[in-house]
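Have a look at the structure below, then the notes.
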Amino acid sequence: GPAATGPAVPPAEAATSLRWARRAWELRSRGILPGTGVLRWADHLTTHWLAADELLTGALATRSLEPLSGLPANRRGKLAETLGAVLDARGGAPEVAARLGIHPQTARHRLHRLRALFGAALDDPGERLNLRIALRAERVLAGEAASCVRSA
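Under full-length UniProt numbering, think of the first position of the sequence shown as 1, with each following residue one higher.
In structure tokens:
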């Protein structure tokens, strides 16, 4: 049947492992971790980290993604998805377009919009890390288990 595991620890620290297994189960019940199979703590470290302090995680996401906050939900979603592809891509519009399955001109338009919204933050390694974490954090806090499966 369904089960969750915590980290491997010495017997004297079994309570710690149990606490993490219970936390994994709670995250599954909220839809944050996938709903089938054995939940292995080590397979979801990033999700555990992001969910450990939801106030802090939410504050980082809100601050980092603030330039998107005033946009209509549909446009915000498309630009957030494009931002994720930009952060993952090494190339420009053609690679972003291929990752998203959109026309290169559409990708170029979105890239220009992101550049206008985020400016130099898109070139700053620290801010790029914050943006990457913020995008992931939004998915975790929204309980999108399917988006969080690759969380090790």
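Don't be surprised by glycine CBs; every beta carbon is placed ideally from N, CA and C.
- DSSP places D88 in the uninterrupted alpha helix (DSSP H) bounded by 73-88.
- Spanning the alpha carbons of I32 and A73 requires a straight line of approximately 21 Å.
- Assigned with DSSP and collapsed to three states, R30 falls in coil, not helix or strand.
- Within the DSSP secondary-structure output, T5 pairs in a beta bridge with R40.
- Proximity to R99 across P11, H109, V86 peaks at V86, based on C-alpha coordinates.
- Distances from the alpha-carbon of A134 to those of L71, W41, A51 put A51 closest.
- Its chain contains R110 as the residues whose beta carbon lies nearer than 8 Å to that of K78, once the 5 sequence neighbours on both sides are disregarded; these appear in chain order.
- S64: member of the alpha helix (DSSP H) spanning 54-64, first to last residue.
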